[in-house]
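Just so we're aligned: the sequence shown equals residues 89 to 279 in our numbering.
For each residue, glycine too, the CB sits at the ideal point set by N, CA and C.
These numbers were taken from a predicted model, which means no experiment stands behind them.
Worksheet: the structure to be examined is printed underneath.
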Amino acid sequence: MLNIAIVIGSVRTGRQSHKAAYFLEKKLNERKDVSVNVIDLIKYEIPILQERLGRTDNPPAAVKEAAAILDSADAIILVSPEYHGGMSGVLKNFLDYYTQEITRKPIGVVTTSGGKFGGINASHEIQKLILAIGSYPMPKKFLVSSVHEAFDNEFNVLKDDVAKGAEVFLDEYLWFANTITRGKNLDCKAA
Numbered sequence: 089m090l091n092i093a094i095v096i097g098s099v100r101t102g103r104q105s106h107k108a109a110y111f112l113e114k115k116l117n118e119r120k121d122v123s124v125n126v127i128d129l130i131k132y133e134i135p136i137l138q139e140r141l142g143r144t145d146n147p148p149a150a151v152k153e154a155a156a157i158l159d160s161a162d163a164i165i166l167v168s169p170e171y172h173g174g175m176s177g178v179l180k181n182f183l184d185y186y187t188q189e190i191t192r193k194p195i196g197v198v199t200t201s202g203g204k205f206g207g208i209n210a211s212h213e214i215q216k217l218i219l220a221i222g223s224y225p226m227p228k229k230f231l232v233s234s235v236h237e238a239f240d241n242e243f244n245v246l247k248d249d250v251a252k253g254a255e256v257f258l259d260e261y262l263w264f265a266n267t268i269t270r271g272k273n274l275d276c277k278a279a
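Below is the structure:
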């Protein structure tokens with residue numbers, strides 16, 4: 089069983105990227121041997137970072153709760169809107185709390201935008217951050233342009249190209265996540 093954590097990196101009133109995340113959760117739950125936990129940052133009170141989780145004796149409860157989900161996950165999907173050419177500040181703040189909980193894990197990137205480029209700049213920024221953490225960003229990304237037209241309020245997809253893109257992304261992501269997760273269990277030390 090592959091345990092996946094999806095992190096929704098938007099708390100803005102009128103947000104749209106959560107629709108992509110919950111749509112992917114629904115599609116993943118249709119797959120075999122997959123379990124999904126969603127960390128929707130609108131439901132967690134994550135304060136502005138003052139110290140990383142591993143360096144404080146009394147972390148906020150929401151930070152500890154999210155840490156437990158991340159730590160138990162085999163793989164992660166990060167979902168962010170693009171704001172001013174980058175990832176959301178709330179997602180960056182969230183990720184800055186964690187190191188060991190996400191290191192060496194396969195991570196998929198999903199970005200959204202109201203325009204036609206699907207958050208490409210945010211996706212590059214997130215992939216760079218994933219590498220800096222010591223995790224494995226999946227090369228294929230899921231970019232959703234004109235996100236306000238892509239999903240309804242029940243998280244159903246409204247555009248054929250988005251539905252097809254999601255299936256391609258999920259097929260690749262599950263292969264990538266399973267391959268890395270199995271590979272981490274190999275003993276590759278010199279004899």
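Assuming F230 is part of the beta strand (DSSP E), what are its boundary residues?
Position 142 of the sequence shown, counted from the start, is the residue given in the question as residue 230. That run of the beta strand (DSSP E) goes 230 to 232.
State the CB to CB distance for the pair G202 and V178, rounded to an integer number of angstroms; the pair is presumed to be in contact (CB under 8 Å).
Mapped onto the sequence shown, residue 202 falls at position 114. Mapped onto the sequence shown, residue 178 falls at position 90. Actually they are not in contact, since the Cβ atoms of G202 and V178 sit about 18 Å apart, beyond 8 Å.
Measuring alpha carbon to alpha carbon, tell me which of P148, N244, I190 ends up nearest I221.
Here residue 221 refers to the residue found at position 133 when the sequence shown is read from its first residue. With distances taken between Cα atoms, I221 lies closest to I190.
Does DSSP put S176 in a helix, a strand or coil?
The residue you call residue 176 lines up with position 88 of the sequence shown. Coil.
Locate the beta strand (DSSP E) running through G196, then write down its first and last residues.
The residue given as residue 196 occupies position 108 in the sequence shown. Start and end: 194 to 200.
Could you name the residues that DSSP lists as bridge partners for N91?
Position 3 of the sequence shown, counting from 1, holds the residue named residue 91. In the DSSP output, where bridge partners are listed per residue, N91 has S123.
Helix, strand or coil: how does DSSP classify V250 here?
By one-based count along the sequence shown, residue 250 stands at place 162. Reduced to three states, the DSSP call for V250 is helix.
Can you tell me whether DSSP reads S98 as helix, strand or coil?
Locating residue 98 in the sequence shown gives position 10, counting from the first residue. Correct three-state label for S98: coil.
So which of E113, N244, G173, A210 has the shortest CA-CA distance to L258?
The sequence position of residue 258 within the sequence shown is 170, counting from 1. Here the closest residue by C-alpha is E113.
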